[in-house]
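Asker:
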Amino acid sequence: LAIRGHVENEGNLIQLLKLREADVHGLDSWVEDGNYLSHDIINEICQIISLTIIHEIIKEISERKFYSIICDATSDESDIEQLCFTIRSVDKDFIVHEDVLGLYAITSETAEHITRVILDILIRCTLNLKYCRGQAYDGAPATAGHISGVSTRIKSLCSKAFFVHCNAHSLDLVLQDLSRGSFAISDALDMTKDIVNFIKESPKRLNLLDVISGSDHYYKLKPLCPTRWTVRASSMNLLIINYSLVKTTLGAISEEGGRPAAKANGWQEKMEKFSSYFGLKLAHLIFSATETVSCSLQRVDNNVQDILCAIDTLINYLTRIKTDDYFKTFYEGIRDDAKSLTDEPILLRIRKPPSRFDFLSSATHYENVYESYRHQYFDIINKILNFLDLRFNQSVFPLLCKVEKLLLLAANGMKDDDIICLNDINEFLIDDINVERLQHELPMLSDYFSRINNEKNLGIKQITKISTICQLLNTYQIFKYHFSFRITMPAKQTQIMSFFQNKKRKIHNSFDGNSLPVDTSSTISNETQEELELCEEIPSFEPPTISAPVSPTAAPSRTTSSTTVLSAPSSPTTILSRLTLSTSPPSIPTSTKIASSAPTSPIQKLKCELACCTSEYPFVPEDQSDLESTGRKRICQLGWFTKFKWLSYCKSKKKVYCYFCRYAYFGGFHPEINKIGETSLTFAGYEDWKNALARFVKHESGKIQSDCVYLVKQQQKPTVAARLSLAHEKQQTERRKMFLVQVECVKYLSRQGLAIRGHVENEGNLIQLLKLREADVHGLDSWVEDGNYLSH
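Its first residue numbered 572, the sequence shown is counted upward by one per residue in the working numbering.
1) Might you give, ordered along the chain, the residues of its own chain that have their beta carbon closer than 7 Å to the beta carbon of Phe898, omitting 5 neighbours on each side?
2) Less than 7 Å between the beta carbons of Val1312 and Arg575, yes or no?
3) Quick check: what's the CA-CA separation for Cys796 versus Ser609?
4) Going by DSSP, what residues sit across from Ile641 in a beta bridge?
5) For the stretch 733-742 and the stretch 804-816, state whether three or more C-beta atom pairs, one from each stretch, are separated by less than 8 Å.
6) Closer than 8 Å is the cut-off here; do at least three beta carbon pairs connect the stretch 837-849 with the stretch 897-917?
7) From Asp883 to Phe769, what does the alpha carbon distance come to, in whole angstroms?
8) Let's see if you can read the secondary structure: which residues bound the alpha helix (DSSP H) around Phe898?
9) From Ile1275 to Cys1183, what distance separates their C-alpha atoms?
10) In the DSSP assignment, find the unbroken beta strand (DSSP E) run with Phe734 in it and report its ends.
11) What are the residues that DSSP puts in a beta bridge with Ser1219?
12) If you draw a straight line from the alpha carbon of Glu1271 to that of Thr1213, how long is it in whole angstroms?
13) I'd like the ranges of any alpha helix (DSSP H) spanning at least 4 consecutive residues and lying wholly in the stretch 747-799.
14) Using only alpha-carbon positions, find the residue among Gln653, Gly1239, Tyr789 and Ile1023 that is nearest to Glu680.
15) Going by the CB atoms, is the gap between Leu1198 and Pro1189 shorter than 7 Å?
16) Is the Cβ-Cβ distance between Ile694 and Val721 less than 7 Å?
17) Can you pull the DSSP bridge partners for Tyr675?
18) For Ser1186, does the three-state DSSP call read helix, strand or coil?
19) So the alpha helix (DSSP H) Arg1344 belongs to, where does it begin and stop?
20) The alpha helix (DSSP H) with Phe999 in it runs from where to where?
21) Using the C-alpha atoms, what's the distance from Val1280 back to Lys1288?
22) Figure out for me which residue from Ser806, Gly822, Val875 and Asn887 has the closest Cα to the Cα of Lys852.
23) With distance defined between alpha-carbon atoms, name the residue in Ile629, Asp960 and Tyr1257 nearest to Lys1222.
24) Can you tell me which of Lys1246, Cys696 and Gly752 puts its alpha carbon nearest to the alpha carbon of Glu634?
25) What is the DSSP secondary structure of Val967, reduced to helix, strand or coil?
26) Go ahead and label Ile677 buried or exposed: buried means 16 or more other beta carbons lie within 10 angstroms of its beta carbon, across all protein chains shown.
27) Can the beta-carbon of Lys954 be found less than 7 Å from the beta-carbon of Leu760?
28) For the pair the stretch 721-739 and the stretch 820-839, tell me if three or more CB-CB distances fall below 8 Å.
29) Determine the contact status of Ile585 and Gly1335, defining contact as a CB-CB distance below 7 Å.
30) So is Lys791 in contact with chain D if we call contact Cβ pairs under 7 Å?
31) For Trp1354, list the residues DSSP reports as bridge partners.
32) Using C-beta distances below 6 Å, list every residue in its chain close to Val667, excluding the 5 sequence neighbours before and after it, in chain order.
33) Pairs of beta-carbons, one from the stretch 908-917 and one from the stretch 875-889, closer than 8 Å: are there three or more?
34) Given a threshold of 16 other Cβ atoms within 10 Å of its Cβ, counted over all protein chains shown, does Asn961 qualify as buried or as exposed?
35) How many angstroms separate the CA atom of Leu587 from the CA atom of Leu779?
36) When the distance is taken between beta carbons, is Ala1326 closer than 7 Å to Gly582?
In structure tokens, the structure reads:
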């Protein structure tokens, strides 16, 4: 959910800070001041958190060495195509990790452009392409094309980056192929979609459905999922359960007349036919089986063995129900249910094709209705079996199956009739594994597993799954090394699917053109965000934006090294650097911790033996005795400094200056820097006390002096760091503590998905949350009441 809300001071962040007021002393005044809750500062906090997490993720991925790429694209609310980039890797304990690194805008969907985007991301993340061991995309020609697709282009750069078509997507494509090849399935899906949408799009029709149902409970209709075909079984099941109720409702709508009456009458007549009910039940039978398998295909820790095992289970199920006995039971059950729902089944009239179309075959003649539906039933099952065999027969599967067979045979102990030739999987091992050492350790692996099995009393008779090896394997490093990048191979796009489910239509970007396209902190697990510690000096990284070749229409990106992931920004005024603790007043302009060199204040350029000229303000003598005579009868008057606030006295030179003109001159931004008209009051010093009063009045009324005053005040405009550094060290430490509490609140809201501001002033989630914490943190109430740091 969003961090900010619709109404000022009612967002979730404000409420959370108010909740923490009782925990942290002074947080109420911090919230009331509100300077640290502006849009830019909040975005910077989110960006720092996101980039810090990404930096840690990239560091972990680099330590694991081998990885795989998983990418998919979708469009956001502004119809900009976003590429979701995910890295799959395996740690030393064989735990599979799939980490989303972010969404990246792409200006073209061609294979060349997507490839450049992927390579650009890898360079910015310092991930070497030669350690890529897999890539998973959808089946689009731009990504899966065997001639010039993204997978082919990446594989030409890294021969071991094997392409795997997302298996969950492949199962969706199987159902799409089936609907195109079977009229009964296609008709059932269309009927479900049209009837459910027809009723749900009108509140009046939904109310009529409730009225007709009366006191009888009914399950609410559910529309078909527009993208994921394997989850459509529930929608068809709800229509089957409410079949009689829906048909009665359509009849009532038809009797009312009006524009929707004709459509309702058509769908009512459609539901009266036995063929429609039979097709709906048959489609539900097929889709419900695929939905169960689809759930198992989308686990993060899946490998090829698990995928093929799930598909084999589905194939065995479909083969088991492809019998005359099962069809007879299935058909008779439908006949019994349809007695009160539809008309009696009839045999369709045989249509003979015209004689001029000699290439058309004659329609099949059936003896009875039973044979007609039996043929339809077996034809649909045969088609889906063929489509499963076609979609799950990927070119990389045989090689991966050989690798798995090698692992399982070695774990169970190779027999004399087991022929294992490492040359068959040489393509998988080359340049990664010491084959000679692997050959020596393979025979010993079964003995090691047997000893562990006996010592731990695991009761394992035979190892049949790769996951069992993961539980036993903690030694024989070369075999462990070989196994780690074996399970690095992607099998599906589960993490991307889950990410798109929550983000596809909720991509809101309030960052500038050089920022991350989405707040990736919300995509990270809660454990990862909890482990993120707020140190005293959090680095502000340059976001990994796409370079000019990737996004030609975007603003020019900063030039970065190909070995740099996240670099420090050029601007020295990040929010965290402004809070740098200091016991002395800062120089002007304020420097930051991350800046390479501190800027020099103009007053530090003045050569003066005493401290009068290096003051941050015009120097005024304490009494008349400090104004020494220059040897003349007249002397500088103390009252002039009260009348002319800009007048500054130099004790060493015994002269006066215009503080603002002098400051602007040495700062290099004087309006007449190249041709100074008033040199005495600007840098030479003025000591003509006889005509001083008239000269001061004339100088003060001049445009140059007023311009210098404005420029110096703009230059000396106090920053957040300057204001905090002028405060007491204890107060400054407390404010720093308040800010860290505020950052923690931002993390909490990002993790919980709560908005920062709300609809009513001072009643947002953040304000209320901080007020709830006032009893826990000393000074949190005054921090919220101050509110200066809780502005938008």
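Even glycine gets a Cβ: it sits at the ideal position worked out from N, Cα and C.
Answerer: Taking the coordinates as given:
1) Arg945 and Tyr948
2) no
3) 40 Å
4) Thr657 and Ala707
5) no
6) yes
7) 38 Å
8) Asp895 to Ala909
9) 24 Å
10) Phe733 to His736
11) Tyr1228
12) 14 Å
13) 754-771 and 774-784
14) Gln653
15) no
16) no
17) Leu654
18) coil
19) From DSSP, Arg1344 is part of no alpha helix (DSSP H); its letter is neither H nor E.
20) Asn997 to Leu1000
21) 12 Å
22) Ser806
23) Tyr1257
24) Cys696
25) coil
26) buried
27) no
28) no
29) yes
30) Looking for chain D here will not work: only one protein chain is present.
31) Asp599
32) Val661, Val871 and Asp872
33) no
34) Looking at the sequence itself, residue 961 is Leu, so the reference to Asn does not match. Counting Cβ neighbours within 10 Å, Leu961 comes out exposed, since fewer than 16 surround it.
35) 44 Å
36) yes
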